[in-house]
Amino acid sequence: MDSGTLFVSLNGNKIENTNIKENFKEVGLHEMLLNNLNKMNFEKMTPIQKNVIPIITEGNDVMACSQTGSGKTIAFLSPIVNKMLNEGPPNINLENFPSAPVALILIPTRELAEQIYKEGRKLLHQTGVHITKIYGGVPHDSQIRELREGTDILVATPGRLIDFLNSKLITLKAVKYLILDEADRILDLGFSDQLNTITLNYGKFLLIFPYINKKFIIKIKI
Ligand code: AMP
Numbered sequence: 033m034d035s036g037t038l039f040v041s042l043n044g045n046k047i048e049n050t051n052i053k054e055n056f057k058e059v060g061l062h063e064m065l066l067n068n069l070n071k072m073n074f075e076k077m078t079p080i081q082k083n084v085i086p087i088i089t090e091g092n093d094v095m096a097c098s099q100t101g102s103g104k105t106i107a108f109l110s111p112i113v114n115k116m117l118n119e120g121p122p123n124i125n126l127e128n129f130p131s132a133p134v135a136l137i138l139i140p141t142r143e144l145a146e147q148i149y150k151e152g153r154k155l156l157h158q159t160g161v162h163i164t165k166i167y168g169g170v171p172h173d174s175q176i177r178e179l180r181e182g183t184d185i186l187v188a189t190p191g192r193l194i195d196f197l198n199s200k201l202i203t204l205k206a207v208k209y210l211i212l213d214e215a216d217r218i219l220d221l222g223f224s225d226q227l228n229t230i231t232l233n234y235g236k237f238l239l240i241f242p243y244i245n246k247k248f249i250i251k252i253k254i
């Protein structure tokens, strides 16, 4: 993949833009992830991956701008799965909800859900971590069946997520990682109320990836 040139500026507490690593092997990812990345033929990190993976691995929140095709999905998935593998399953009472994801990836469209799911399946191969996708515009049945099998990482459009939260198929009590991918498009599609409900109540660790590099504001209560 030709990722071209990327201008990177980093700011925030504890952020250092020095000694950037080039390869996945150098950033302390779990052996299983390195194997899968190797099978995907990814050795060198793209610019967004080089800059974002170490920051997330160290436990910082991130807001980054990066176009589709720049390797953004692996940039947020690999450090999160890495943490999940190292930390093990959450130790909380899930009150018999069929699905209690630890990572929630909110996206605006079905196409993006499919894309992230496909990339996620390859990255998660034989890790024991389970990814599921839900989106609107299709019948609920097959999604309900999948949710009943349990999920660790849920890729969801906000409307369908709220449906399943209301029918108590999903709890977000276990969510530790909240990713808003193409967050500005979620707002453009009129999901701002749903986005507020979800971001205000869940997620201790937040990653925001806008679709285009334009100014936009999301209010998040901390
Ligand atoms: P994105 O939509 O930004 O997640 O980019 C996805 C595309 O980038 C897919 O075609 C991936 O297979 C590819 N990709 C992701 N990471 C790498 C990498 N480190 N080296 C080469 N291609 C990659």
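Under the numbering used here, the first residue of the sequence shown is numbered 33, with each subsequent residue one higher. We treat Cβ as the ideally placed atom computed from N, Cα and C, and that holds for glycine. Remember, predicted model here, so these are calculated numbers, not experimental data.
May I ask whether a heavy atom of the ligand AMP can be found less than 7 Å away from the beta carbon of GLN175? no
Helix, strand or coil for TYR167 per DSSP? coil
My understanding is that SER131 touches THR183, with C-beta atoms under 8 Å, so please give their C-beta distance in whole angstroms. 5 Å
If you draw a straight line from the C-alpha of GLY101 to the C-alpha of PRO140, how long is it? 17 Å
First and last residue of the beta strand (DSSP E) that includes ASP213? 209-213
Could you check the C-alpha separation between ALA215 and CYS97 for me, to the nearest Å? 10 Å
Thinking C-alpha only, which one of ASN114, GLU54, ILE106, ARG142 is nearest GLY191? ARG142
How long is the line joining the alpha carbons of THR231 and LEU210, rounded to whole angstroms? 8 Å
Assuming THR189 contacts PHE129 (C-beta within less than 8 Å), just tell me the rounded distance between them. With a Cβ gap of about 20 Å, THR189 and PHE129 do not count as contacting.
Return the chain-ordered list of same chain residues with a C-beta closer than 7 Å to the C-beta of THR89, the five sequence neighbours on each side being excluded. VAL59, GLY60, PRO111, ASN114
Going by alpha carbons, who is nearest to ASN118 out of VAL170, LYS165, THR159? THR159
Candidates GLY169, HIS172, VAL134: closest to ILE163 by CA position: VAL134
How long is the line joining the alpha carbons of MET77 and LYS71, rounded to whole angstroms? 14 Å
Does the distance from the C-beta atom of GLU151 to that of THR105 stay below 8 Å? yes
Does the beta carbon of LYS208 fall short of 7 Å from some heavy atom of the ligand AMP? no
How many angstroms separate the CA atom of ASN92 from the CA atom of PRO86? 9 Å
Which residue wins for smallest C-alpha separation from PHE196, given the options LEU212, SER174, ARG217, ASP213? SER174
Considering only the beta carbon of each residue, do MET116 and VAL161 sit closer than 8 Å? yes
Compute the distance between the beta-carbons of LYS165 and GLU146, then report whether it is under 8 Å. yes
Are the beta-carbon atoms belonging to LEU155 and ASN68 less than 8 Å from one another? yes
If you draw a straight line from the alpha carbon of GLN226 to that of PRO121, how long is it in whole angstroms? 27 Å
So, at 7 Å on beta carbons, what are the nonlocal neighbours of TYR149 in its own chain, with the 5 sequence-adjacent residues on each side left out? ILE163, LYS165, VAL187
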